[in-house]
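Accompanying notes for the structure given below.
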Ligand SMILES: Cc1ncc(COP(=O)(O)O)c(C=O)c1O
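In our numbering, the protein residues as written are -10 to 372.
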């Protein structure tokens, strides 16, 4: 097990200063190798090594459990985060008059499935969060009809990290299920769902988990899983999937209940390699490396006059940091120029709203962080 970052695993750093892991991550070398190995196996052997693929699937499920701090039996492999959130929205036994509580400004995947429940008489309440006490804002909004609260544990544009412990406790006390969109969390910050009062966690793998698109981890507690009344059925969900003439169609109790058909086997090969890389590093190391880089960015930006840094309160940092020009910029011209200058200097960021979002990963070289800061300084001073 190596705790030293092997930069050859991240060839992207030779070409770009890549600060956009909150969007889509480049694949590390080990992930490319795993996918290429799978491609070669298919080319040369077709599916003859299916038994080996199943072993990879099992290994990937174990590693998913490790990353989540959960039992692998509670993990389901789905297509994407939206898939998981819709599974919950479509599956719970809603009654007219029920309510869902979500933070205002959520990514559409954690908004649209709940809004669509209006046709079943369910009201979705979008709550503005006080960044200093965001959990309290949500807790105050819980009412007698709140069946579910659904939150991003890290906000996709604010980078605000929620404390799931007090929120989950309040939800439990209110008889409210807590669903967590962890796509901006898992793979960047530690997670220990076994210790948290949460019911569902969903996370696509193409951001911080360093995988190709098209695979997501879905975690459900055994009790919460039973609350999903409607879900797709199919051959692959059973421990003996090749029993095609099954008499007893009782769905399995574990997470495979939500895997009706053939899985994304190539994605699982990739995930298995990416998860090993992250687990070999250790998620506490990954988290502290990311937060160190975010601190360096924050401190560097704070020294540049003319820049305003969004400042989550202490302890709420994540892998996401946003900033914008301090001056009025109604037409977005300054931000456009700044974003353009970063791109010209091969610093890859994301434009989000009135600002720019920076999201380094644990391997991002610190001198590249300084390069990004100097490009920003030159551009802001030139204005
Ligand atoms: C908070 C959040 N949820 C969901 C998604 C995307 O979900 P999906 O995996 O369905 O594409 C994103 C980003 O693209 C996101 O930032």
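A virtual CB, placed ideally from N, CA and C, is assigned to each residue, including glycine.
All values derive from a computational prediction rather than experimental measurement.
Proximity to residue i [Cα-Cα], best of the options
i	options	result
residue 169	147, 206, 197	206
residue 176	154, 265, 289, 342	265
residue 86	63, 133, 24, 72	133
residue 5	341, 348, 332	332
residue 296	366, 274, 94	366
residue 20	242, 348, 195	195
residue 0	218, 155, 18	18
residue 136	173, 91, 155, 154	91
residue 106	130, 128, 80	80
residue 127	181, 121, 116	116
residue 203	252, 302, 324, 182	252
residue 393	174, 230, 63	Residue 393 is absent from the model: the chain starts at -10 and stops at 372.
residue 162	187, 142, 181	187
residue 236	110, 24, 261, 227	227
residue 112	100, 120, 118	100
residue 291	37, 311, 273	311
residue 301	125, 338, 191, 121	121
residue 248	263, 261, 231, 220	220
residue 343	336, 328, 193	328
residue 416	325, 182, 356, 210	No answer is possible for residue 416: it lies beyond the span of the chain, which begins at -10 and ends at 372.
residue 183	246, 78, 154, 125	154
residue 131	273, 159, 46	159
residue 250	88, 261, 229	229
residue 190	267, 109, 77, 298	77
residue 12	368, 353, 348	348
residue 84	110, 73, 103	110
residue 74	238, 166, 335, 353	166
residue 334	341, 285, 359	359
residue 51	369, 261, 319	261
residue 211	241, 303, 223, 317	241
residue 225	46, 3, 7, 201	46
residue 222	216, 246, 234	246
Environment of residue i [buried if 16+ CB atoms lie within 10 Å]
i	result
residue 294	exposed
residue 150	buried
residue 171	buried
residue 269	exposed
residue 376	No statement about residue 376 is possible, as the shown extent of the chain runs from -10 to 372 and does not include it.
residue 138	buried
residue 288	exposed
residue 63	buried
residue -10	Since pLDDT at residue -10 reaches only 41, below the 50 mark, its modelled position is unreliable, and no value is offered.
residue 323	buried
residue 218	exposed
residue 214	buried
residue 208	buried
residue 28	exposed
residue 351	buried
residue 276	buried
residue 16	buried
residue 364	buried
residue 243	buried
residue 35	exposed
residue 37	exposed
residue 355	exposed
residue 273	exposed
residue 192	buried
residue 232	exposed
residue 338	buried
residue 353	buried
residue 108	exposed
residue 303	exposed
residue 25	exposed
residue 88	buried
Paired residues, beta bridge with residue i - DSSP
i	result
residue 258	In DSSP, residue 258 forms no bridge with anything.
residue 344	341
residue 38	Answer is none; residue 38 lacks a bridge partner.
residue 317	BP columns for residue 317 are empty, so no partner.
residue 7	337
residue 88	112, 135
residue 312	298, 345
residue 193	205
residue 200	Residue 200 is not bridged to any residue.
Neighbouring residues (CB closer than 6 angstroms to any heavy atom of ligand 1): Selection output, chain order preserved: 69, 70, 71, 96, 98, 99, 141, 145, 170, 172, 173, 193, 205.
**Message:** For the stretch 242 to 262 against the stretch 38 to 55, do three or more pairs of beta-carbon atoms, one drawn from each stretch, fall closer than 8 angstroms, so that the two count as touching?
**Reply:** With a cut-off of 8 angstroms on Cβ pairs, the stretch 242 to 262 is in contact with the stretch 38 to 55, counting three or more such pairs.
query = Can at least three beta-carbon pairs, one atom from the stretch 60 to 67 and one from the stretch 88 to 107, be found at a separation below 8 angstroms?
reply = Not touching, per the Cβ criterion.
>> Does the contact criterion of 3 or more C-beta pairs under 8 angstroms hold for the stretch 49 to 63 versus the stretch 139 to 155?
In response: Contact between the stretch 49 to 63 and the stretch 139 to 155 is absent, because fewer than three Cβ pairs lie under 8 angstroms.
(Q) For the structure I just gave you, are there three or more beta carbon pairs, one from the stretch 280 to 289 and one from the stretch 304 to 324, closer than 8 angstroms? (A) Contact between the stretch 280 to 289 and the stretch 304 to 324 is present: three or more C-beta pairs spanning the two stretches fall below 8 angstroms.
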